[in-house]
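The sequence shown finishes on residue 254 if you use UniProt numbering, and the numbering steps up by one all the way, no holes.
The structure under discussion appears below in the form of structure tokens.
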Amino acid sequence: MTLEILLEDVAKSYRMNGVSLPVLDGVSLQVEEKEFVSLIGPSGCGKSTLFNIICGLTEPDRGRVLLGGRAGVRAGEAVSYMPQKDLLLPWRTVLDNVVLARRATREDSRAVKKEAMELMPLFGLSGFENSYPAELSGGMRQRAALMRTVLARRRVLLLDEPFGALDAITRNRMQQWLLQVWDNFRQAVLFVTHDIDEAIFLADRVYVLTPRPARVCLHLNIDLPRPRQVEMVTTERFLALKKQIMRALQYGAG
1 MTLEILLEDV AKSYRMNGVS LPVLDGVSLQ VEEKEFVSLI GPSGCGKSTL
51 FNIICGLTEP DRGRVLLGGR AGVRAGEAVS YMPQKDLLLP WRTVLDNVVL
101 ARRATREDSR AVKKEAMELM PLFGLSGFEN SYPAELSGGM RQRAALMRTV
151 LARRRVLLLD EPFGALDAIT RNRMQQWLLQ VWDNFRQAVL FVTHDIDEAI
201 FLADRVYVLT PRPARVCLHL NIDLPRPRQV EMVTTERFLA LKKQIMRALQ
251 YGAG
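See the structure below:
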């Protein structure tokens with residue numbers, strides 16, 4: 001198995017008003033090929049900083065970051081990042097928004113748009129290709145944003161609370177839909193969330209972070225069968241996994 005992401009002893013501090021503010025304190029984690037990994041922790045613990053380091057936007061103070069199983073792989077070649085806000089360009093149609101990453105690589109626009117049109121039904125956007133973001137529901141905007149991320153054709157998807165702003169019913173539907181999309185493409189996923197149920201339901205493994213400065217206080221294998229069914233959240237095993245994460249969050253906060 002290829003290690004798509006490997007972080008070893010990653011630390012980061014910032015200077016604020018002349019004082020050092022530690023954000024990450026020796027974080028180590030890994031994401032393997034075709035694996036879905038959730039990352040959960042309290043607000044402000046440094047999850048966004050961790051993503052910025054993986055994306056190459058921020059340099060760690062110490063530690064090692066490997067992408068694609070080897071040194072020298074640039075983040076832009078291996079990683080596609082979807083932030084919490086969809087960041088769709090309001091003056092572009094859905095079709096023009098989802099092909100942006102591929103257009104930036106100067107690929108043939110007709111071929112890229114043809115590929116995007118073929119994927120519209122899978123992403124629930126068929127018939128909305130020429131609509132603008134303001135005409136879409138919150139869930140549909142997130143589908144378009146995820147389609148743009150997947151269509152970039154990178155080996156790793158970094159998803160930063162993509163469903164955090166959605167209502168509970170829409171969020172549950174989006175979780176099941178995301179697993180269907182992932183099953184089609186099987187890119188490695190590192191998924192940030194504040195929702196324990198979401199972390200367990202989606203992932204093969206879960207990392208739990210402490211409050212800032214973040215450390216990994218629990219690494220948990222999710223031994224639930226796939227495909228995942230919504231009824232699983234009431235099973236004894238699911239509740240046992242949830243209890244472990246809740247304890248880790250409480251212990252880390254203490």
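Every residue gets a Cβ at the ideal spot worked out from N, C-alpha and C, and that includes glycine.
- Boundaries for F128: no alpha helix (DSSP H) harbours it, and the DSSP string shows neither H nor E there.
- Contact annotation: the region 160 to 172 does not touch the region 215 to 222, with fewer than three C-beta pairs closer than 8 Å.
- The continuous beta strand (DSSP E) containing S20 extends over residues 19 to 32.
- Taking the C-beta atoms as reference points, L190 is found nearer than 9 Å to I54.
- For the pair N221 and R205, the Cα-to-Cα distance works out to about 4 Å.
- The alpha-carbon of R92 is positioned some 8 Å away from that of P133.
- In the three-state reduction of the DSSP assignment, D195 falls in the coil class, being assigned neither a helical nor a strand state.
- Assigned with DSSP and collapsed to three states, M16 falls in strand.
- Counting only runs that start and end inside the region 73 to 141, the alpha helix (DSSP H) elements of at least 4 residues fall at 75 to 78, 94 to 98, 100 to 103, 109 to 119.
- G46 counts as buried, since at least 16 other C-beta atoms from the protein chains shown sit within 10 angstroms of its C-beta.
- Each residue's CA atom was taken as its position, placing A111 and V98 some 13 Å apart.
- Note on geometry: alpha-carbon atoms of L151 and R141 lie some 15 Å from one another.
- In the three-state scheme derived from DSSP, where H, G and I count as helix and E and B as strand, R62 is classed as strand.
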